[in-house]
Structure formats: structure tokens, C-alpha cells
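Undergrad:
Numbering (my numbering), first residue to last: 291 to 410.
#1: So what does DSSP say about residue 370, is it helix, strand or coil?
#2: Take residue 344 as the anchor and find which of 396, 328 and 375 has the nearest alpha-carbon.
#3: Express the C-alpha separation of residue 311 and residue 392 in angstroms, rounding to a whole number.
#4: Identify, in the order they occur along the chain, each residue of the same chain with its Cβ nearer than 7 Å to the Cβ of residue 356, setting aside the five sequence neighbours on each side.
#5: Apart from the five residues just before and just after residue 326, which ones in its own chain have a Cβ nearer than 7 Å to its Cβ?
#6: Any idea what DSSP makes of residue 322, helix, strand or coil?
#7: Whose C-alpha, out of 364, 317, 320 and 380, is nearest the C-alpha of residue 334?
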């Protein structure tokens, strides 16, 4: 399982980069199986940490995606509408979900080391 050390991770398996990019972890995409659809939030939406902001559907199930921070959605990954499988093949690069202008991070975010230890 990949857990890039420069990212912070939520217990619900979202990751947050320093620039406000959000996605789901390699562990999460592996548990979901083949992703077939991603419902993304609207740009400009103000969200609170822990709020449901997106949905990822796989052949197995649908999973809510929670905001790992409080802030405003500034961009979404439009490539996922035509290629949701990017979440599986590149969860930390091409498969990111959305970007946000973070005003406050969730107190539940952990380091890559802590996240990996909790999910092995």
C-alpha cells in the first residue's frame, strides 16, 4: 500500500496535500474495487471538515467522501467523468478528486506513518 509521506490522511481514507488537493488513499481504492463513477462537489461550495462532499461508486459499493478540512471547493478533476478508473490506477496523482482553499484542517488528520500503521 502506498502512503506518500507528504500527505495527511483522514480515518475515513481521504488524503489532503499541502496545496489543498484531496483524493482517496491507495488502501481505500483497493478496498472499493473497480471505480465506475465519481460524483464530485460543485466548485465554490463551502464545506466543513467531516461533511459528505462526494461519492465514489465501484462495482462493489458506493462510498461517501468526506471533506478532510473546512474551506471552499476551488476545482474538481473533470478527467474522472470520462475515466473514473483513474482513482484506482493513480490515486495520488491523476485520480485526485477535488481541490479546496483550506481554512482549517480536521483535527483527525494523521501522518502517512500513522495512517499506514492503522490500516495494515
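Glycine included, C-beta positions come from ideal geometry on N, C-alpha and C.
TA: So, from the listed chains and residues:
#1: helix
#2: 328
#3: 10 Å
#4: 300, 302, 304, 340, 341, 342 and 343
#5: 347, 348, 349 and 374
#6: helix
#7: 364
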